[in-house]
Amino acid sequence: MPPVLDPSLCQRCGMCSRVCVFGLADTCDDGLPSFPDGAFCLECGHCIAVCPSGALSITGAGAPPAFPAGGNVSPEALGGYMRSRRSIRHYQEKSVDRRVLEEIFDIVRFAPTAANRQPVEWLIVHDTGTVRTLTGLAADWMRETAGRDSLYRTFPDAWDEGRDLICHGAPHLVVAHARADDTLASGDAMIALAHLDLALPAFGLGGCWAGLFTGAAASYPPLAEALGLPEGHRPFGTLLLGYPKYAYTSVPPRKQPAMRWL
Ligand SMILES: Cc1cc2nc3c(=O)[nH]c(=O)nc-3n(C[C@H](O)[C@H](O)[C@H](O)COP(=O)(O)O)c2cc1C
C-alpha cells in the first residue's frame, strides 16, 4: 500500500519521489506527490523517512520520530566497538532484566530485511532453568545422532559430566525464527542476530552464537516441541546471552580481508 499524504504538511520538495525505489510518487501540477492507485509499493518506508515535514505515513498515524541524538559514530569508535565484541562463553550468575532486553530489541528491530518485510520473530528463553532443560534436550539429540567416535560425542559426554559446552551455562537464550517456507528469512534472521550480537556490549552484556543448539532445535522433535515455535516456523539461529564473567584485553587473530578489486 502506498503511503498516505497529509497535503497540509507537504513542503512540495519532491524528495519522496526521488528516493522511491519504483519512482512511484509523481509530482502533480500543484507540486504535491501522488501515488498511483493499485501501484506496487514495497513499503520500504524511505519516502516517509526522507520527508522533512512528516507529511507521509503508512497508516495515516503520523510521522515516525526523527533520528535520536547519538546517531553518528566516529570510525575510530565504531572500529573499536566492533573489534572488541567477543563470543562470550563464561557468564556471571546474574539474570538480565527483561526491560533491558526490551530496550535492546527496540534497537534490533531496525535491522534491514529483504523488501522491509520483517519476517523474523524472537523466542526469548529468559528462565535459566528452562535454558538448562532445553540444553539437555540438545545433548540428547547429539547423543542419539553422533557416531561413537564422532567429535560431536564431546558435547553430550561433557553434559553428562556436568559441563555445558553447548550453551556455556548462559542464563538466557534467544531463538530467531520465521516461516520455514520463506526463502528470504534465513538471511534476514542472520542479519537480525548479528545486530543483536553487536548491540549487547553497549549494555554491558555479551552473547555467543549457538549453532549446535540451532541444529538440534531444527532437527530434534522433542526440542522443537519444547520450544513451541508457531506452526510452519523453523529456528534460523540462536544467541546465548548474559553478563560476561571475564574481560578480554586484546582481539583474537584474524586473517587480512580477502579482497579482489575490479
Ligand atoms: C553461525 C555461528 C555459529 C556459531 N556456533 C557456535 C557454537 O555452537 N558454539 C560456540 O561456542 N560458538 C559458536 N560460534 C562462535 C564462533 O566460534 C566465534 O564467533 C568465532 O570463534 C570468533 O570468535 P569471536 O566471536 O569472539 O570473534 C558461532 C558463530 C557463528 C557466527
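453 is the number of the first residue of the sequence shown in the working numbering; add one for each residue after it. Ideal Cβ placement from N, Cα and C applies to all residues, glycine included.
### Task
Enumerate in chain order the residues of its own chain whose CB-to-CB distance from residue 696 is below 6 Å, with the five nearest sequence positions on each side excluded.
Within the sequence shown, numbered from 1, the residue matching residue 696 stands at position 244. So the qualifying residues of the chain are 540 and 658.
ask   = Does the Cβ of residue 686 have 16 or more other Cβ atoms within 10 Å, making it buried, or fewer, making it exposed?
value = The residue you call residue 686 lines up with position 234 of the sequence shown. By the 10 Å Cβ count, residue 686 comes out buried.
Open item on the list: The beta strand (DSSP E) that contains residue 621, what's its start and end?
Closed with: Numbered from 1 along the sequence shown, position 169 holds the residue referred to as residue 621. Looking at the DSSP string, residue 621 is not in any beta strand (DSSP E), and its letter there is neither H nor E.
Please determine, among 691, 684, 458 and 466, the residue with the shortest C-alpha to C-alpha distance to residue 661.
In the sequence shown, counting from the first residue as 1, residue 661 sits at position 209. When each option's Cα is compared against that of residue 661, the closest is 691.
ask   = What three-state label does DSSP hand residue 577 in the structure shown?
value = The residue given as residue 577 occupies position 125 in the sequence shown. Residue 577 falls in the strand class under three-state DSSP.
Looking only at C-alpha atoms, which of 637, 473 and 546 sits nearest to residue 579?
As a first step, residue 579 must be located in the sequence shown, where it is residue number 127. When each option's Cα is compared against that of residue 579, the closest is 546.
Just to confirm, does residue 704 get its C-beta within under 7 Å of one of the non-hydrogen atoms of ligand 1? Position 252 of the sequence shown, counted from the start, is the residue given in the question as residue 704. At least one heavy atom of ligand 1 is nearer than 7 Å to the Cβ of residue 704, so yes.
Proximity of residue 500 and residue 455 at Cβ, strictly below 8 Å: As a working mapping, residue 500 is identified with position 48 in the sequence shown. As a working mapping, residue 455 is identified with position 3 in the sequence shown. Taking 8 Å as the Cβ cut-off, residue 500 and residue 455 qualify as a contacting pair.
Buried or exposed for residue 527, please, with buried defined as at least 16 other CB atoms from any protein chain shown within 10 angstroms of its CB. Taking the sequence shown and counting its residues from 1, the one referred to as residue 527 is at position 75. The residue is exposed, with fewer than 16 neighbouring Cβ atoms inside 10 Å.
Quick test of your reading: residue 506 and residue 457, contact by CB under 8 Å. State the CB separation rounded to the nearest angstrom.
Indexing the sequence shown from 1 puts residue 506 at position 54. Indexing the sequence shown from 1 puts residue 457 at position 5. Not confirmed; about 11 Å, so no contact.
>> With three or more beta-carbon pairs closer than 8 Å as the criterion, would you say the region 634-641 touches the region 544-561?
In response: no
Self-check item: Test item: CB-CB of residue 574 and residue 518 under 8 Å
Solution: Here residue 574 refers to the residue found at position 122 when the sequence shown is read from its first residue. Here residue 518 refers to the residue found at position 66 when the sequence shown is read from its first residue. Not a contact, by the Cβ cut-off of 8 Å.
Distance check for residue 566 and residue 495, CA to CA, integer angstroms please.
Sequence index remark: in the sequence shown, residue 495 carries index 43 (1-based). Sequence index remark: in the sequence shown, residue 566 carries index 114 (1-based). Approximately 11 Å between the Cα atoms of the pair.
Exercise. So, is residue 509 buried or exposed, given that buried needs 16 or more other C-beta atoms within 10 angstroms?
Worked result: The residue given as residue 509 occupies position 57 in the sequence shown. Buried: at least 16 other Cβ atoms inside 10 Å.
At a threshold of 7 Å, does residue 615 count as lining ligand 1 (C-beta to nearest heavy atom)?
Residue numbering aside, residue 615 sits at position 163 when the sequence shown is read from its first letter. No - ligand 1 has no heavy atom lying nearer than 7 Å to the Cβ of residue 615.
Classification of residue 491 by the beta-carbon crowding that lies within 10 angstroms, buried from 16 upward: On the sequence shown, position 39 is the one that residue 491 refers to. Residue 491 comes out exposed.
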